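To start, the structure under review is shown below, and the notes come after it.
Number of protein chains: 2
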Amino acid sequence: MTGHTFFEDLRNGEITGVAYKNLQLKKQILSWFVNTGNATIADLSRELNASVPKVGELVNELITDGLVKDYGKIEAAAGRRPNVYGLEPDSFFFVGVDIKQYYVNLGLGDFRNNLVRTQEKVPFHLKNTPEALNRLCDIISEFIETSGKGKGKRKVLGIGVNLSGRINFKSGYSYSFFHFQEDPLSKVIEQRLGISTFLENDSRAVAYGEFSSGSYTNEKNAFFINLEHGIGMGMLLNGQLYYGKSGFAGDIGHIPVFENEILCHCGKKGCLETEASGAALTRIFIQRIREGASSILAKRFPNPGDIQLEDILEAVKQEDTLAIELIAQIGEKLGRGIAILINILNPELVILGGALASTGDYIMLPIRSAINKYSLTLVNNDTRLVLSRKGEQAGMSGACLLVRDRLLALID
Amino acid sequence: MTGHTFFEDLRNGEITGVAYKNLQLKKQILSWFVNTGNATIADLSRELNASVPKVGELVNELITDGLVKDYGKIEAAAGRRPNVYGLEPDSFFFVGVDIKQYYVNLGLGDFRNNLVRTQEKVPFHLKNTPEALNRLCDIISEFIETSGKGKGKRKVLGIGVNLSGRINFKSGYSYSFFHFQEDPLSKVIEQRLGISTFLENDSRAVAYGEFSSGSYTNEKNAFFINLEHGIGMGMLLNGQLYYGKSGFAGDIGHIPVFENEILCHCGKKGCLETEASGAALTRIFIQRIREGASSILAKRFPNPGDIQLEDILEAVKQEDTLAIELIAQIGEKLGRGIAILINILNPELVILGGALASTGDYIMLPIRSAINKYSLTLVNNDTRLVLSRKGEQAGMSGACLLVRDRLLALID
DNA sequence: CCTAATTAATAAAATATTTAATTAACTACT
DNA sequence: AGTAGTTAATTAAATATTTTATTAATTAGG
């Protein structure tokens, strides 16, 4: 009993000795609730190798701090029924901000990974200007202000922001957007809004959201592949989000797999993205229309150059032959890229998400057959390939989860 | 003070409460010595967040068990000089067995990662027969018997065996060699020799040896690429040896990067190994000779089919133009494969080893230029590419280290 | 060469933690 | 319905650990 709250202790780097050990054990208790769910004092004592009185004491302190809740007694085969404890969802909240090219999704997540409120597709144009950053802060601020519940504002403990491009989540610097000031972007937002803020690369955040969602919490080695205009990826390796040396890891879009002459926007030739991305799909589709191919989009767009990725994906749903043919081609090539990943990293799960994934089996089946064709059977037998079921939710959810887990110092 | 030795406690799964915590702290102390070197009680107390008297007590117990040694006083700027403690190299030893196609290397490693005795190139033919396994056990047994020092046999605490092919190091099963009995191979050897035995995939073990050696202990994300007839790889990701779901990870040889029609022994086409391996080098070299190309080997081998990989590598050293030309070609293609790895995993270090690496700059420069050509500059700037400096030693050393660290339960 | 300053190691005192014992709560069986 | 058997939670006793104080060892400076 230090007299300080959990969060005060957490922020205090000077803490040593007994207080340090208690803090560590509290983190382990919270971590257990986060990863495994509710538990009894006896469970925690057994799993964390601490005595029952000690665990009881710390759980009570966490209850006092409002982080943990007594969920009452549970059924038991025999004997006195234990009380179960778990996270207090209503104590604190997190805001997840998922920034896309032309809009922003905001979500308010509780302590147990439920989005209690969302505000989707708030108009916003992602440009590297102070005005855009200002507008972004206003949007977030407005969202927090209006997130009251009953009597007042809900206590927001942290903000997670997903941005595309290179991010150093430890320093809080963004290198692709909003890097026109000295201070790291996370600090700038933090000062504007007065709430701890963490940045993350968008694909990585979405991946974290997917991996932490219900069905996939057991997987230790998994990829989330984000199929939009470009190809992004988030990786979970040995149960941890993988960054590589400087946070560039997951750049699957620019692996050299083709012997083509198409110049990629990265400056190289032969990148996977040149033939197997949303951008490639759009380019090839327009080209085929210009060559006279028939499609429901051919009539609708007098100028084929106006056709957007969304139109093509819509056409797939309306069973347009050309769109379906091309998405299958893209799938086959993507499958070759994924086969490389599978051979190298022997994962247990690959989740496909992003706009292209909404075409379902049309893209999934060619990918699967290419994986079978190009990767070792022994290895790819281990790998489940699934479509994302969370869609846009995963971005907000992942952002909330990342702030939560970083604030609790459950991950580093 | 439990009255039991460290190793007895370690093997006792039932251990709980205070004894458990002491054991954990002892592991942390040993781990510190292994990873960071000698330390004073004060250092350990600070770093491991335990009190000075507690650390002192446990260090003394470890000294009693013979695992730790008092290295005396060290210089200090001011004040009473502290005693430094570290691993006792002469207490226990480990045997590393590196099995190649036609020979075996054996090494006796001490507690501090020094090979105190080696026996290299012991003739052995790796075949999947009980006779070969028998012979292997005899070789190991003979090595241990003759590893006496002064008065008697040195105490060998564990044996590490590197085998090519798929290995499950946790269960001890080998799936490519010596799998003709029910019991896991590690258990079979263990029972024959009466000493704890661990198996590991050869490339992974060599990688561990390389990563743990002097200069590279700070790297958290590194690859070791083993260039022999095939291409093997061991990966360190987030500071841990990476296995993937079933231990197949690192299979870089069979990633589909070529659009060729060469049938790989894995049954697929377009594998990296079909054009960028020692086997490919041999095949192409022989073919070129048959087509009339000139080389110093052309005269020496009336039948070009007799030319072996070793002969070609020797020819490179003698500056044979054809050999040099082809090794550069192989390098360029390998570089493309490595570029893929770099883009995906953003490592800080890539070590090239195996027979082909002995050609030095002849293979290194084309690899480096292909990496620059095919991977994103921003990413490959992070990556140092180096040649293995340990050569055959790394295999034995890695095997010893893996047993040591697994027996001490420093890694899982 | 002695003293102040500094750090290590040890010893004693103060806490903290665990273990064991007790009490409480509940089920199933006679 | 009462009782034996189980498991939880609490309390008290026994340990263990940390903290603080003391002593030891060493350097630098007067």
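Protein chains in written order, with my numbering: chain R, 12 to 423; chain A, 12 to 423. Glycine is no exception: its CB is placed at the ideal position from the N, C-alpha and C atoms. Bear in mind that the values here come from a model prediction, so they are computed numbers and not experimental data.
Proximity to residue i [Cα-Cα], best of the options
i, options, result
"residue 158 (chain A)", "A:131, A:176, A:118", "A:118"
"residue 132 (chain R)", "R:415, R:121, R:125, R:151", "R:151"
"residue 287 (chain R)", "R:374, R:355, R:219", "R:374"
"residue 176 (chain A)", "A:282, A:264, A:170", "A:264"
"residue 31 (chain R)", "R:76, R:274, R:17", "R:17"
"residue 385 (chain A)", "A:403, A:331, A:344", "A:344"
"residue 50 (chain A)", "A:216, A:65, A:266, A:94", "A:94"
"residue 334 (chain A)", "A:283, A:298, A:274", "A:298"
"residue 137 (chain A)", "A:350, A:126, A:147, A:130", "A:147"
"residue 406 (chain R)", "R:172, R:318, R:376, R:283", "R:172"
"residue 404 (chain A)", "A:205, A:383, A:83, A:124", "A:124"
"residue 47 (chain A)", "A:227, A:210, A:116", "A:227"
"residue 316 (chain R)", "R:348, R:296, R:306, R:274", "R:296"
In DSSP terms, what residue i is bridged to
i, result
"residue 96 (chain A)", "A:50, A:81"
"residue 248 (chain R)", "R:251"
"residue 267 (chain A)", "A:282"
"residue 212 (chain R)", "R:174"
"residue 22 (chain R)", "BP columns for residue 22 (chain R) are empty, so no partner."
"residue 300 (chain R)", "Answer is none; residue 300 (chain R) lacks a bridge partner."
"residue 105 (chain R)", "R:120, R:169"
"residue 274 (chain A)", "A:280"
Beta carbon proximity, residue i to chain A, threshold 8 Å
i, result
"residue 416 (chain R)", "no"
"residue 265 (chain R)", "yes"
"residue 22 (chain R)", "no"
"residue 217 (chain R)", "no"
"residue 359 (chain R)", "yes"
"residue 390 (chain R)", "yes"
"residue 12 (chain R)", "Reliability of the predicted coordinates at residue 12 (chain R) is poor, the pLDDT of 45 falling under 50, and no value is obtained from them."
"residue 238 (chain R)", "no"
"residue 429 (chain R)", "Any answer about residue 429 (chain R) is impossible in this case: the structure gives chain R only from 12 up to 423."
Unbroken alpha helix (DSSP H) run spanning residue i, endpoints
i, result
"residue 194 (chain R)", "From DSSP, residue 194 (chain R) is part of no alpha helix (DSSP H); its letter is neither H nor E."
"residue 374 (chain R)", "372-385"
"residue 388 (chain A)", "388-391"
"residue 406 (chain A)", "404-418"
"residue 155 (chain A)", "141-156"
"residue 91 (chain R)", "Note, residue 91 (chain R): premise wrong, no alpha helix (DSSP H); not H, not E."
"residue 67 (chain R)", "63-75"
Inter-residue CB distance, residue i and residue j (contact presumed, cutoff 8 Å)
i, j, result
"residue 229 (chain A)", "residue 255 (chain R)", "The Cβ separation is near 15 Å, so there is no contact."
"residue 324 (chain R)", "residue 366 (chain R)", "6 Å"
"residue 63 (chain A)", "residue 70 (chain A)", "10 Å between Cβ atoms; not a contact."
"residue 174 (chain R)", "residue 185 (chain R)", "6 Å"
"residue 221 (chain A)", "residue 362 (chain A)", "5 Å"
"residue 234 (chain A)", "residue 214 (chain A)", "Not really, about 10 Å apart at Cβ, beyond 8 Å."
"residue 411 (chain R)", "residue 103 (chain R)", "Actually they are not in contact, since the Cβ atoms of residue 411 (chain R) and residue 103 (chain R) sit about 11 Å apart, beyond 8 Å."
Residue span of the beta strand (DSSP E) that contains residue i, given as start and end
i, result
"residue 128 (chain A)", "126-134"
"residue 287 (chain R)", "Counting along the chain, residue 287 (chain R) falls outside any beta strand (DSSP E), and DSSP gives it neither H nor E."
"residue 233 (chain R)", "233-238"
"residue 362 (chain A)", "360-364"
"residue 311 (chain R)", "Residue 311 (chain R) -> not in any beta strand (DSSP E); alpha helix (DSSP H) instead, spanning 307-311."
"residue 423 (chain A)", "Counting along the chain, residue 423 (chain A) falls outside any beta strand (DSSP E), and DSSP gives it neither H nor E."
"residue 395 (chain R)", "395-398"
Interface flag, residue i vs chain R, CB-CB below 8 Å
i, result
"residue 285 (chain A)", "no"
"residue 227 (chain A)", "no"
"residue 270 (chain A)", "yes"
"residue 356 (chain A)", "yes"
"residue 75 (chain A)", "no"
"residue 259 (chain A)", "yes"
"residue 406 (chain A)", "no"
"residue 423 (chain A)", "no"
"residue 385 (chain A)", "yes"
"residue 162 (chain A)", "Caution applies to residue 162 (chain A), whose pLDDT of 48 falls short of 50 and renders its modelled position unreliable; the value that the coordinates give is listed next. So no, residue 162 (chain A) is outside the interface."
"residue 372 (chain A)", "no"
"residue 277 (chain A)", "yes"
"residue 347 (chain A)", "yes"
"residue 351 (chain A)", "yes"
Heavy atom of the ligand NAP within 7 Å of residue i beta-carbon
i, result
"residue 194 (chain A)", "Inclusion of the ligand NAP in the displayed structure is not the case, the ligand content being empty and no account of it being possible."
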